[in-house]
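**Q** In the working numbering, the protein residues as written are 2 to 327.
Could you have a look at this structure, given as structure tokens, before my questions?
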Ligand SMILES: [Zn+2]
Ligand SMILES: [Zn+2]
């Protein structure tokens, strides 16, 4: 009995600690959208490579997900924003201020490094004003170091934005609609491996170009029920700014990454649902793409080594969906 338990425990640990020194590891901290679903927080993705821990977008609850992963909030080495829609930045003040508190799970002791589109620096300046009382109180009362609540923020242009410890992060412009500019996706390269995050975008060949030969492509998708747009016309705009499953599939077929994962899953129906029904999403994608596909869930992780391995929230291996034989 104990021997079996030991074997099982070892197997579990091996699956959790599958990453070796040269692997890239990607963890979905938030696969959702503004919809306040309990199981899918809004956009946030963690990429670990060598000593770098890079956070892409600050969706609602990204602090909670990092805490679940036992990663101190203050241990993030750099933060990147795809665009300034609220579902990508509402978690910023939480990450910033909670990450500053002197605890084993936070304790940032250096300025918070952030790269994002034009408006990012202004947002950090305005947040500093908005939370000036909390900053004053904690410096005086808890003696927190002022340097830990400082920002090192940068408004970026497309191109290489970060190059440290062998990890290169390149911003690519994507098409999230005429009025939502600039909007970026990101390419993360490390030790010959490549991960691409689409950011929020409708069909854009630039994502396919960036993801050609990638190990992992994390792409957004939107399914909006037609009857919803009748009662809430803004859903027409939302639909126009995102990728349908068919369009996402076209991008995947052009890029042919080793593995494709859906995250930032817009799923809107007249009667809101707590969980996204995956079958319809996958079936529609299969009309244009037949390669390996995973519908992302919060806390899923992907280890990018010679192969790309996927794991569920508890470290259990997850198999990619393959297309049915024709
Ligand atoms: Zn957006
Ligand atoms: Zn979004």
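Backbone N, C-alpha and C define an ideal beta-carbon position, used for all residues, glycine too.
Collect the residues with a C-beta less than 6 Å away from any heavy atom of ligand 2 and give them in sequence order along the chain.
**A** Chain-ordered list of matching residues: 34, 44, 86, 88, 89, 201, 265.
**Q** Hey, how far is the Cα of residue 160 from the Cα of residue 296?
**A** So the two alpha carbons sit approximately 29 Å from each other.
**Q** Ordered along the chain, which non-local residues of its own chain (more than five positions away) have a Cβ less than 6 Å from that of residue 188?
**A** For residue 188, where only same-chain residues beyond five positions count, the Cβ hits under 6 Å are 171, 197, 211.
**Q** Taking the C-alpha atoms as reference points, what is the distance between residue 218 and residue 140?
**A** Approximately 42 Å, taken between the alpha carbons.
**Q** Please report the distance separating the alpha-carbon of residue 70 from that of residue 63.
**A** Distance between the alpha carbons of residue 70 and residue 63 is about 11 Å.
**Q** Flag this pair as yes or no: are the beta carbons of residue 304 and residue 24 separated by less than 7 Å?
**A** Yes; because the gap between Cβ atoms is below 7 Å, this pair is in contact.
**Q** Using alpha carbons as the reference points, say which of 193, 222, 215 lies closest to residue 202.
**A** Residue 222 is the option with its Cα nearest to residue 202.
**Q** How would you write the range of the beta strand (DSSP E) that residue 194 sits in, first residue to last?
**A** Here the beta strand (DSSP E) through residue 194 covers 194-198.
**Q** Taking DSSP as the reference, what is the three-state secondary structure of residue 296?
**A** Strand.
**Q** Using the C-alpha atoms, what's the distance from residue 77 back to residue 213?
**A** For residue 213 and residue 77, the distance between alpha carbons rounds to 28 Å.
**Q** At what residues does the alpha helix (DSSP H) containing residue 96 begin and finish?
**A** Per DSSP, residue 96 belongs to the alpha helix (DSSP H) from 93-99.
**Q** According to DSSP, is residue 253 helix, strand or coil?
**A** If DSSP states are grouped into helix, strand and coil, residue 253 belongs with the helices.
**Q** With 16 as the cutoff for other CB atoms within 10 Å, does residue 43 come out buried or exposed?
**A** It counts as buried.
**Q** Measure the C-alpha to C-alpha separation of residue 19 and residue 260 and round it to an integer number of angstroms.
**A** Only weak support exists for where residue 19 lies, its pLDDT of 46 falling under 50; the value from the coordinates is given anyway. Using only the alpha carbons, I get a separation of about 17 Å.
**Q** What's the C-alpha gap between residue 128 and residue 149?
**A** Using only the alpha carbons, I get a separation of about 15 Å.
**Q** Kindly give me the distance between the Cβ atoms of residue 267 and residue 243, rounded to whole angstroms, as I take these residues to be in contact under 8 Å.
**A** Confirmed, Cβ separation roughly 6 Å.
**Q** Using 8 Å for Cβ pairs, my map puts residue 79 next to residue 163. What's the rounded Cβ distance?
**A** With a Cβ gap of about 6 Å, residue 79 and residue 163 count as contacting.
**Q** Could you tell me which residues DSSP puts in a beta bridge with residue 168?
**A** Paired residue(s): 165, 191.
**Q** Please classify residue 301: does DSSP put it in a helix, a strand, or coil?
**A** Note: residue 301 maps to coil in three-state DSSP.
**Q** Suppose contacts are defined by Cβ-Cβ distances below 7 Å. Is residue 294 in contact with residue 255 by that definition?
**A** In this structure, residue 255 does not lie closer than 7 Å to residue 294 by Cβ.
**Q** For residue 147, which three-state DSSP category applies?
**A** Residue 147 falls in the helix class under three-state DSSP.
**Q** What is the DSSP secondary structure of residue 331, reduced to helix, strand or coil?
**A** As shown, the chain starts at 2 and ends at 327. That puts residue 331 outside it, with no answer to give.
**Q** Does DSSP put residue 73 in a helix, a strand or coil?
**A** Of the three classes helix, strand and coil, the one that applies to residue 73 here is coil, per DSSP.
**Q** Between which two residues does the beta strand (DSSP E) containing residue 49 stretch?
**A** Counting along the chain, the beta strand (DSSP E) containing residue 49 begins and ends at 45-50.
**Q** Using 8 Å as the cut-off, can you tell me whether the stretch 36-51 makes contact with the stretch 308-320, which would need three or more C-beta pairs spanning the two stretches below that distance?
**A** With a cut-off of 8 Å, the stretch 308-320 and the stretch 36-51 do not count as touching, because too few Cβ pairs lie within range.
**Q** Please classify residue 39: is it buried, with 16 or more other beta-carbons within 10 angstroms of its beta-carbon, or exposed?
**A** Counting Cβ neighbours within 10 Å, residue 39 comes out exposed, since fewer than 16 surround it.
**Q** Going by DSSP in three states, residue 39 sits in which element: helix, strand or coil?
**A** Coil.
**Q** Under the rule that 16 or more other beta-carbon atoms within 10 Å means buried, what is residue 310, buried or exposed?
**A** Buried, by the Cβ-count rule.
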